[in-house]
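Q: Chains as they are written, first to last, in the numbering used here: chain A, 81 to 219; chain B, 81 to 219. In this text, a Cβ means the ideal position worked out from N, Cα and C, and glycines have one as well.
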DNA sequence: TCCTTACACTACAAATTGTAGTAGGAGTCG
DNA sequence: CGACTCCTACTACAATTTGTAGTGTAAGGA
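1. Count the other CB atoms within 10 Å of the CB of residue 97/B; is the residue buried (16 or more) or exposed (fewer)?
2. List, in chain order, every chain A residue whose beta-carbon is nearer than 7 Å to that of residue 101/B.
3. Does the Cβ-Cβ distance between residue 88/A and residue 85/B come in under 8 Å?
4. Could you pull the start and end residues of the beta strand (DSSP E) that residue 85/B belongs to?
5. Touch check for the stretch 164-182 of chain A and the stretch 174-193 of chain B: three-plus C-beta pairs under 8 Å?
6. Under 8 Å: do the stretch 123-143 of chain A and the stretch 125-145 of chain B share three or more Cβ pairs, one atom per stretch?
7. In chain order, what residues of the same chain have a beta carbon less than 6 Å from the beta carbon of residue 124/B, not counting five sequence neighbours either side?
8. Start and end of the alpha helix (DSSP H) containing residue 99/A?
9. Beta-carbon within less than 7 Å of residue 121/A's beta-carbon, same chain only, minus the 5 sequence neighbours each way: which residues are those?
10. For the ligand NAP, is there a heavy atom less than 7 Å away from the beta-carbon of residue 203/A?
11. Output the distance between the C-alpha atoms of residue 117/B and residue 157/B, rounded to the nearest integer angstrom.
12. Could you give the residue range of the alpha helix (DSSP H) that holds residue 175/B?
13. Should residue 188/B be flagged as near chain A, meaning a C-beta pair shorter than 8 Å?
14. For residue 154/A, collect the residues of the same chain with a Cβ closer than 8 Å to its Cβ; drop the 5 residues on either side in sequence, then sort them by chain order.
15. Quick check: the Cα distance between residue 108/A and residue 165/A, rounded to an integer number of angstroms?
16. Would you identify the three-state DSSP class for residue 115/A, choosing helix, strand or coil?
17. With a threshold of 8 Å between beta-carbons, can residue 196/B be considered close to chain A, or not?
18. So what's residue 154/B in DSSP terms, helix, strand or just coil?
19. Is the shortest distance between the beta-carbon of residue 94/B and the beta-carbons of chain A less than 8 Å?
20. What residues from chain B crowd round residue 106/A, counting only those whose CB sits closer than 8 Å?
21. Give every residue of the same chain whose Cβ lies closer than 8 Å to the Cβ of residue 202/B, excluding the five residues on either side of it in the sequence, and list them in chain order.
22. Given residue 204/A, which residues of its chain have a CB within under 6 Å of its CB, disregarding the five upstream and five downstream residues?
23. To the nearest angstrom, how far is it from the Cα of residue 167/A to the Cα of residue 152/B?
Structural data, given as structure tokens:
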């Protein structure tokens, strides 16, 4: 389940998926149960205008092909569910991206981190400082 | 000059551009002088197999359309050059991505930063610690 | 048996990126 | 002046990604 891109535009799942893909993942991740295509399609209908069943199916099966969803055969249909939890997904993306960012920009990224942290949530600065201390202590 | 994606695959300019685009930007940024299409094409030829002149032209003009290159009319041709220096480009990407990363992942990213920094270059940890101190002092 | 339902297969559209042909205009050389 | 060369503009096609949806098919139920 290898993502390709991190998009500058959008937010949340839209950074990793197309708009419809994102809505579908959102629905699947919000559901406790596994869902059929029809389930997902109806959820989508609630939110906005009707989506063609086949459209939803195609996109969902593409997500299966990419290893993001898995499907389990029922009598007359399939039940779909994410391969990993949303938390695990976000965790993996965060890890990958953070590493890539530092590999790519190194010292430059460090400079920007402090500003960005301060801008988004100054509390994160303390958290980071704490983490660094712990890391150094363990050596 | 708004980038769309940060690619997980590849490294350097390939994270932002297609393969040929990246080679072309590499050449333009390595050149002190502005360059014509032919200049760039010949540089490309040195590196690998021949590239069609028109191919290089099309890609370069697309980069102009995107606001990444600019072209200046000469008597019989144009001279192309990047709109911003490589350093400014990297600076802007680093800033944008770092901010997006933190907006998107917040505390999660903070956790990964320390590990990533330690893995890539432990010296960056000290640098970061220093930066945090400075930031806090200024308040 | 016939119908409904869910899936499979297929196709098309727009955007992105790489590729390259053709045509035209402008300067050059004989 | 006329033929030639060179550079650009225009155009087009292919592959990939994502959204969209039609048609066919098979299985199960009435």
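A: On the basis of the data shown:
1. buried
2. Identification of chain A residues near residue 101/B by a Cβ-Cβ cut-off of 7 Å yields none; the smallest Cβ-Cβ distance measures about 15 Å.
3. yes
4. 85-87
5. yes
6. No: fewer than three Cβ pairs fall under 8 Å.
7. 131
8. 99-110
9. Answer for residue 121/A: 131, 133 and 136, listed in chain order.
10. With respect to small molecules bound, the structure shown includes none, and the ligand NAP cannot be examined in it.
11. 8 Å
12. 166-185
13. yes
14. 116
15. 10 Å
16. strand
17. yes
18. Looking at residue 154/B - three-state DSSP - the assignment turns out to be coil, as it is neither helix nor strand.
19. no
20. Those do not exist, as residue 106/A stays about 15 Å from chain B at its closest Cβ, beyond 8 Å.
21. none
22. 197
23. 50 Å
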